[in-house]
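S.K.: One structure coming up, written as structure tokens, with questions to follow.
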Amino acid sequence: SFMALFWSVILLCIVMLMGALFVCQGLSDVYDDEAIALADRQWAFRHYGTPLRSTYTIFELTFSGCWLSYARLLVDKVNPAWSMFFFVYVFAVMFAMFRIISALFLRDALALAAQDHEVALLAEEAKKKQVADKLATFFKQADTSGDG
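For the sequence shown, this note's numbering gives the first residue as 357, with consecutive numbering after it.
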């Protein structure tokens, strides 16, 4: 149904925004860290440096299927602890939430299919009754002697 889709999208957007803000805030000290190569810091800032950039990157990470390319540099060059964030995010959002959303739509589709089946059964019963009525009328008209 539309409401299930609406609330699923709202929940997904909230989780994506929370993840984006977490990464943006978590990397705020990295951009000035001289121990990390300048190119890596620039890459991190270009993808996660502002809330808007971070949100867009998390959006791409979620829907494009290439989350590894957005996670690998942070894990390898910045801090291996980022692997825990991406593990939780990928498992929670990309696996669990999408499965829940899919289950909601599957449930609605099955409910509609059951209703369609009930409607088809009712139509078939009405058709059988109509045929039975026609046969009864035919036999009544054919019984000219009235003895059945």
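Cβ coordinates follow ideal geometry from the N, Cα and C atoms, glycine included. Note that this is a predicted model, so its numbers are computed, not measured.
Quick one: any contact between the region 473-488 and the region 386-393, if contact means 3 or more CB pairs under 8 Å?
M.R.: no
S.K.: Return the CA-CA distance between Pro-407 and Val-431, expressed in angstroms with no decimal places.
M.R.: So the two alpha carbons sit approximately 20 Å from each other.
S.K.: Under 9 Å, do Ala-453 and Leu-367 count as touching if we go by C-beta distance?
M.R.: Looking at the sequence itself, residue 453 is Met, so the reference to Ala does not match. Yes, the pair counts as a contact, with Cβ atoms nearer than the cut-off.
S.K.: What runs of the beta strand (DSSP E), each 3 residues or longer, lie entirely inside the region 362-414?
M.R.: none
S.K.: How close, in whole Å, do the beta carbons of His-403 and Arg-409 come, if the pair is a contact with beta carbons under 8 Å?
M.R.: Correct: roughly 6 Å between the Cβ atoms.
S.K.: Identify, in the order they occur along the chain, each residue of the same chain with its Cβ nearer than 6 Å to the Cβ of Ala-400, setting aside the five sequence neighbours on each side.
M.R.: Leu-383, Val-386
S.K.: With a threshold of 16 other CB atoms inside 10 Å of the CB of Met-374, please say whether the residue is buried or exposed.
M.R.: exposed
S.K.: Taking 8 Å as the limit between beta carbons, can you name the residues of its chain near Met-342, skipping five residues before and five after?
M.R.: No answer is possible for residue 342: it lies beyond the span of the chain, which begins at 357 and ends at 504.
S.K.: Give me the Cα-Cα distance between Asp-503 and Val-487, rounded to the nearest whole angstrom.
M.R.: 23 Å
S.K.: Alpha carbon to alpha carbon, how far is Phe-461 from Leu-394?
M.R.: 46 Å
S.K.: At what residues does the alpha helix (DSSP H) containing Thr-493 begin and finish?
M.R.: 454-498
S.K.: Report the residue from Ile-457, Phe-494, Val-444 whose alpha carbon sits nearest the alpha carbon of Ser-364.
M.R.: Ile-457
S.K.: Determine the closest residue to Tyr-445 out of Glu-390, Thr-493, Leu-477, Ile-370, with distance taken between C-alpha atoms.
M.R.: Ile-370
S.K.: Can you give the Cα-Cα distance for Trp-438 and Ala-469, rounded to whole angstroms?
M.R.: 44 Å
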